[in-house]
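Accompanying notes for the structure given below.
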Amino acid sequence: MTSLAIKNLRVNRVMIVPFILSSSVMLAILYIMRALMNNEYVIKRHSSLPMVMGFGSVIVAIFAFVFILYANRFLVKRRSKEFALYSILGMENRHAKTILFIEEMLIFVIISALSIIGGHIFGKLAFMYLNKIMKDLTVKLMHYTFSPSAAILCLIFIAFTFVVVYMVSCLNLRSVSPMDLLANQRKGQKEPKARALLSLIGLVLLGVGYYLALTTDGTLASIKSFFIAVVLVILATYILFVTISIGVLKMLKLRRSYYKPKNFLSVSGMIYRMKANGIGLASIAVMSTALIITIGSTMSIYSGIEGVVDKNLDRDYSIDYKNSFQPSDSIEKINKAERELQDLIRHSVVDEKYIKNIYVSKYSFVPMMKINNRLLPLTRTNYNKDKGIPIYAKIETIDTYNKVTRNRIKLEDDQVIISSNNKHLLNYDKYSINGKSYKVIKSGERSPNEIAVDAYYIVVKDHSELIRMAKYYYMETKGKREASPIDMTICWDIDKENLGDKGIDNYNKDMKNLLEKKGMKLNSKVDIRNEIYGFNGGFLFIGVLIGVMFLVGTVLVTYYKQLTEGYEDRDKYQIMKKVGLPEEMIKKTASSQIIWMLFIPLFVAIVHTAVATKILSSLLGLFGVWSAWILIKNIAIVILAFIVFYLVLFKITSSIYYKIVN
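For the sequence shown, the positions run 902 to 1563 when the numbering used here is used.
Below is the structure:
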C-alpha cells in the first residue's frame, strides 16, 4: 500500500508539488507570526507588536485552512478516474481510503517539515526586515531564536487541517460508483436552477455592499460598515460569477451574429468555461482584491508615519501637567500652574537660549454628537436614538492657536475656527455650539489628526469661552454628569545644533529623572516616532506577509484552473481538428477565451478596490493617516505591480495550457 501511495504521488506530481509548496509557504507564514509573538526581544522592545501578530496569525490560519480544503477538492476531482480504476480492478473502498490515508500522511510530514524549517530560516530574514521598518538598529540575528511553542501550535493546526482534508476526501469516495467517479472528473459545476433569482440577489448584495462603502461617513461607523460590506461583496462576487456571467453569454446566443464561426466557437466555449470555473474565477477576484487592499493599506499606514508624528507633537518635547483642572477652578490657579511649567523648562538648561518656540496649551477634550450643523452633548439617550455622528473635539483658545501657528488672528464673539481630521464633517458655514450659533472660519493649519476617531479642533475667543464649553459638553460616567476637565501641556524645541548628540542625551536623562520626581512624564518626538514606527511598522509587516499569502493563493488557483482546462480541452481540440477547423482559428478562439477568463477577475478586483477606497480612507484614520491621496497613490502602485505580475502569471500558465492541449 505504501509503495502504491508513493507511486501515486510521483505520478501526480504536476498537481501535488504546487499544492505542497503553496501550503508550506502559508503555514511557514503562520509559524513566523507565532514565533515573533513569543520572541523575548520583540516583547521587550515592541510591546504592542505581539497583539498585532496575534491578529494577523488568526487571519492567516483561517485563510490557510480554507485554501487547503479548496485545493484538496481540486486534487480529489482530478483523481476521480484513478479511484474509479481502483474500484473496477476489484479494490475495495477501505483499501482506497488506506492508500489515501498514507498519501495524506506523507504530504502532512513533508508540509510540516517545510513549514517549520522554512519558517525558521525565512523567519530570521523576516525578523531583520521587521526591525528595519520599525527603525530598530540595535537588533542582531541572534535575537531571533527557534520557538518550540510556535512549532507545536503549527503542527497541531496542520494535523487538524489534514484530518479534515482526509475526512472530506473519504466522503467523496463513499458510496460512489466507478461510473460516477469517471464522470466526476469531467463534470463542471452545475448551473443554478433559480439563476434569475440568484442573479437578482447577487446584484442586490453587491449594490448594498457598494452603497455602504461609498456612503458611510465617520471612522466609528466605517469599522462596522466595512466588515458588512466585505461579506456582502464577497457573496455577491461568487453568486454573480456563476449566474449573471452565464446569463449574459446565453443572451449573446440569441443574436444572429452568434452563428458566425468565430462567435459561435467563442461564446459556446465561454459558456462551458464559466459553468466549469465560475467559483475559481470568483476566488481569484476575491483574493486579488484582498491582496491589493491589504498591501496598499498597510503601505499607506507606514508611509504616513512622519505626518502622524508631527501631528502628535509639533515640537521636540512636551509635558502634560500632573493634574487636570475643573472649569470651576480660578484663573489664578491655572496661571500659577502655567508659570510653574515655564520656569521648570527654562531652568532645565544652563542658558535659556537653548529653549526655543515654547508655548503652553490649555485645552479640553469634550464628547459631542453632530446632528447636521448642531453640536450637542453626547449622552446615552441621543447616542442610541438620534441619527448623528459621535465625535470628540479638542477646544483651545485663540491665544494658543496663534502661538503654535505664528498668526495674529482675532475672533469676534460669534466666531470660531474649526478644522477636522475628516473633511466630510466640515459641511456647514455656521454651527450651533454650546447652544449658540457661530460663524465658522475653516482652517487646515492645525487639525486633530492625532485622534484616532472623528474629531474637531475648535478654537474659541478666550479662556472664559473655553470654560463655558467644558461645562456644556459634560462627560456622562455611571449615570453622573461631570464637566469636561481642562488640561495643560507645555511644548518646546531645543537647540540641537549647539547642544550636540551627547548634550541631548544628557538633557533627556536629566529631564526624565526630574519629572519622575514631580509625578510627570517627558514626551519626546523621538520616543513618539519610535512608538508609532513600532506599531504601524508591525502592520506593514503583517500586510506584506498576508499579501504574500493571497498572492500564493491566487497563483495556485490560476495554475489549477489552467491545468483543469488544459486536460478538459485536449479532446475537444482534437475533435475540432478532425472536423476540419483551421488550426489558426482554433488557437485564436482559445486564446481569446483564456484572456477573458483570466482578466475578468482582475477587472473585478480593480473595481472592488476603487469602490473600497473611500471607506478605507476613513479606517486609516485609526492609525492617524487622514490623507486620501496617500491611500490612492499606494493602491495605484500596488495595482500596477500586480498587473505586471498577473501578465507574467498569465504567460506562464498559458504555456502550460497549450502544452497539455497539444
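The C-beta atom is built at its ideal place from N, Cα and C for all residues, glycine as well.
These numbers were taken from a predicted model, which means no experiment stands behind them.
Given F1063, which residues of its chain have a CB within under 6 Å of its CB, disregarding the five upstream and five downstream residues?
The residue given as residue 1063 occupies position 162 in the sequence shown. Around F1063: E1005, F1009.
Pairs of beta-carbons, one from the segment 1529 to 1543 and one from the segment 1212 to 1220, closer than 8 Å: are there three or more?
No, the segment 1529 to 1543 is not in contact with the segment 1212 to 1220.
Where A972 falls: helix, strand or coil (DSSP):
Locating residue 972 in the sequence shown gives position 71, counting from the first residue. Correct three-state label for A972: helix.
To the nearest angstrom, report how far apart I907 and L1520 are at their CA atoms.
Position 6 of the sequence shown, counting from 1, holds the residue named residue 907. Position 619 of the sequence shown, counting from 1, holds the residue named residue 1520. Straight-line Cα distance between these residues: approximately 50 Å.
Assuming F1028 contacts L950 under a Cβ cut-off of 8 Å, what Cβ separation, rounded to an integer in Å, is found between them?
Position 127 of the sequence shown, counted from the start, is the residue given in the question as residue 1028. Position 49 of the sequence shown, counted from the start, is the residue given in the question as residue 950. Rounded, the Cβ-Cβ distance is 11 Å, inconsistent with contact.
Distance between Y971 and K1397 (C-alpha atoms, nearest Å):
In the sequence shown, the residue the question calls residue 1397 occupies position 496. In the sequence shown, the residue the question calls residue 971 occupies position 70. Near 59 Å, if we compare the C-alpha coordinates of Y971 and K1397.
Would L1532 pass as a contact of G1197 if the rule is Cβ separation under 8 Å?
In the sequence shown, residue 1532 corresponds to position 631, counting from 1. In the sequence shown, residue 1197 corresponds to position 296, counting from 1. In this structure, G1197 lies closer than 8 Å to L1532 by Cβ.
Is DSSP giving M1421 helix, strand or coil here?
Counting from one through the sequence shown, the residue named residue 1421 turns up at place 520. DSSP places M1421 in coil when its eight states are reduced to three.
Would the segment 952 to 964 count as touching the segment 929 to 944 if we require 3 or more Cβ pairs under 8 Å?
yes
When you compare the segment 1183 to 1191 with the segment 1129 to 1140, are there three or more beta-carbon pairs, one atom per stretch, that lie closer than 8 Å?
yes
Can you give me the Cβ contacts of K1337 inside the same chain, cut-off strictly under 8 Å, excluding the 5 residues immediately before and after it?
For this step, residue 1337 is matched to residue 436 along the sequence shown. Counting only Cβ-Cβ distances below 8 Å, and skipping sequence neighbours, we find D1315.
Could you tell me the boundaries of the alpha helix (DSSP H) in which Y1547 lies?
Looking up residue 1547 in the sequence shown gives position 646. It spans 1529 to 1562 - the alpha helix (DSSP H) in which Y1547 sits, taken as one unbroken run.
Measuring CB to CB, does Y1358 end up less than 8 Å from S1320?
On the sequence shown, position 457 is the one that residue 1358 refers to. On the sequence shown, position 419 is the one that residue 1320 refers to. With respect to the 8 Å criterion, Y1358 and S1320 are classified as neighbours on the basis of their beta carbons.
Give me the Cα-Cα distance between T1144 and F975, rounded to the nearest whole angstrom.
Taking the first residue of the sequence shown as 1, we reach residue 1144 at position 243. Taking the first residue of the sequence shown as 1, we reach residue 975 at position 74. Using only the alpha carbons, I get a separation of about 21 Å.
Distance between Y1339 and S1333 (C-alpha atoms, nearest Å):
On the sequence shown, residue 1333 is found 432 positions in, with the first residue counted as 1. On the sequence shown, residue 1339 is found 438 positions in, with the first residue counted as 1. Their backbone Cα atoms lie some 6 Å apart in a straight line.
Output the distance between the C-alpha atoms of G1467 and I1557, rounded to the nearest integer angstrom.
Taking the first residue of the sequence shown as position 1, residue 1467 is located at position 566. Taking the first residue of the sequence shown as position 1, residue 1557 is located at position 656. Looking at the two C-alpha atoms, the distance is approximately 8 Å.
Within the continuous alpha helix (DSSP H) that includes A1294, where are the two ends?
The sequence position of residue 1294 within the sequence shown is 393, counting from 1. Premise fails: A1294 lies in the beta strand (DSSP E), 1290 to 1298, not in any alpha helix (DSSP H).
Nearest candidate by alpha-carbon position, reference S1204, set L1548, S1528, Y942:
Counted from its first residue, the sequence shown places residue 1204 at position 303. That would be S1528, whose Cα lies nearest to the Cα of S1204.
Secondary structure at Y1067, three-state DSSP: helix, strand or coil?
The count along the sequence shown starts at 1 and reaches residue 1067 at position 166. Three-state DSSP puts Y1067 in a helix.
How would you write the range of the alpha helix (DSSP H) that R995 sits in, first residue to last?
In the sequence shown, the residue the question calls residue 995 occupies position 94. In the DSSP assignment, R995 falls within the unbroken alpha helix (DSSP H) covering 994 to 1034.
What number of angstroms, rounded off, separates the C-alpha of M1370 from the C-alpha of N1335?
Working through the sequence shown from its first residue, we reach residue 1370 at position 469. Working through the sequence shown from its first residue, we reach residue 1335 at position 434. Roughly 6 Å separates the two Cα atoms.
Helix, strand or coil, according to DSSP, for A1095 in the structure here?
Locating residue 1095 in the sequence shown gives position 194, counting from the first residue. A caution first: A1095 carries a pLDDT of 48, below 50, which makes its placement in the model unreliable, though a value can still be read off. DSSP places A1095 in coil when its eight states are reduced to three.
When the Cα atoms are used, what is the spatial distance from T1465 to P919?
As a first step, residue 1465 is located in the sequence shown; it is residue number 564 there, counting from the start. As a first step, residue 919 is located in the sequence shown; it is residue number 18 there, counting from the start. Taking the straight line from one Cα to the other gives about 14 Å.
S1076 versus Y1067: straight-line alpha-carbon distance, rounded
Numbered from 1 along the sequence shown, position 175 holds the residue referred to as residue 1076. Numbered from 1 along the sequence shown, position 166 holds the residue referred to as residue 1067. Note that S1076 has pLDDT 49, beneath the 50 cutoff, so the model's placement of it is unreliable and the number below is only indicative. One C-alpha to the other measures close to 16 Å.
Using the beta-carbon count (16 or more within 10 Å), is H1509 buried or exposed?
For the purposes of this step, residue 1509 is taken as residue 608 along the sequence shown, with counting starting at 1. Buried: at least 16 other Cβ atoms inside 10 Å.
Kindly list the residues whose CB is nearer than 6 Å to the CB of M1376, restricted to its own chain and excluding five residues on each side of it in sequence; keep chain order.
Translated into the one-based positions of the sequence shown, residue 1376 becomes position 475. Same-chain partners within the cutoff: E1383, S1385.
Flag this pair as yes or no: are the beta carbons of M916 and R995 separated by less than 8 Å?
Along the sequence shown, read from residue 1 onward, the residue named residue 916 stands at position 15. Along the sequence shown, read from residue 1 onward, the residue named residue 995 stands at position 94. No, the Cβ-Cβ distance between M916 and R995 is not below 8 Å.
Return yes when the Cβ of F1266 is within less than 8 Å of the Cβ of Y1222, no when it is not.
Stepping through the sequence shown from its first residue, residue 1222 is reached at position 321. Stepping through the sequence shown from its first residue, residue 1266 is reached at position 365. No, the Cβ-Cβ distance between Y1222 and F1266 is not below 8 Å.
Whole-angstrom C-beta distance between F1551 and L1499, which should lie under 8 Å
Walking along the sequence shown from the start, residue 1499 turns up at place 598. Walking along the sequence shown from the start, residue 1551 turns up at place 650. The pair is a contact, with the Cβ atoms about 5 Å apart (cut-off 8 Å).
Going by beta-carbon coordinates alone, are Y1434 and M1269 separated by less than 8 Å?
Within the sequence shown, numbered from 1, the residue matching residue 1434 stands at position 533. Within the sequence shown, numbered from 1, the residue matching residue 1269 stands at position 368. Result no, Cβ atoms of Y1434 and M1269 do not sit closer than 8 Å.
Taking a contact to mean a Cβ-Cβ separation below 8 Å, would you say S939 touches S1048 in this structure?
Residue numbering aside, residue 939 sits at position 38 when the sequence shown is read from its first letter. Residue numbering aside, residue 1048 sits at position 147 when the sequence shown is read from its first letter. Contrary to the premise, residue 939 reads as Asn rather than Ser in this sequence. In this structure, S1048 lies closer than 8 Å to N939 by Cβ.
Is the beta carbon of Y942 within less than 7 Å of some heavy atom of the ligand SAH?
Only the bare structure without any ligand can be found here, which leaves the ligand SAH out of the picture.
Helix, strand or coil at F966 [DSSP, three-state]
On the sequence shown, residue 966 is found 65 positions in, with the first residue counted as 1. Here F966 sits in helix by DSSP.
Chain-order list of residues whose beta-carbon lies under 7 Å from that of G1578 (same chain, five-residue window excluded):
With the chain covering 902 to 1563 only, the question about residue 1578 has no answer from this structure.
Taking the C-alpha atoms as reference points, what is the distance between G1179 and G1289?
In the sequence shown, the residue the question calls residue 1179 occupies position 278. In the sequence shown, the residue the question calls residue 1289 occupies position 388. Distance between the alpha carbons of G1179 and G1289 is about 42 Å.
Beta-carbon contacts of F1442 that lie in its chain and below 6 Å, excluding the five residues immediately before and after
Counting from 1 along the sequence shown, the entry for residue 1442 is found at position 541. The answer, listed in chain order, is L1031.
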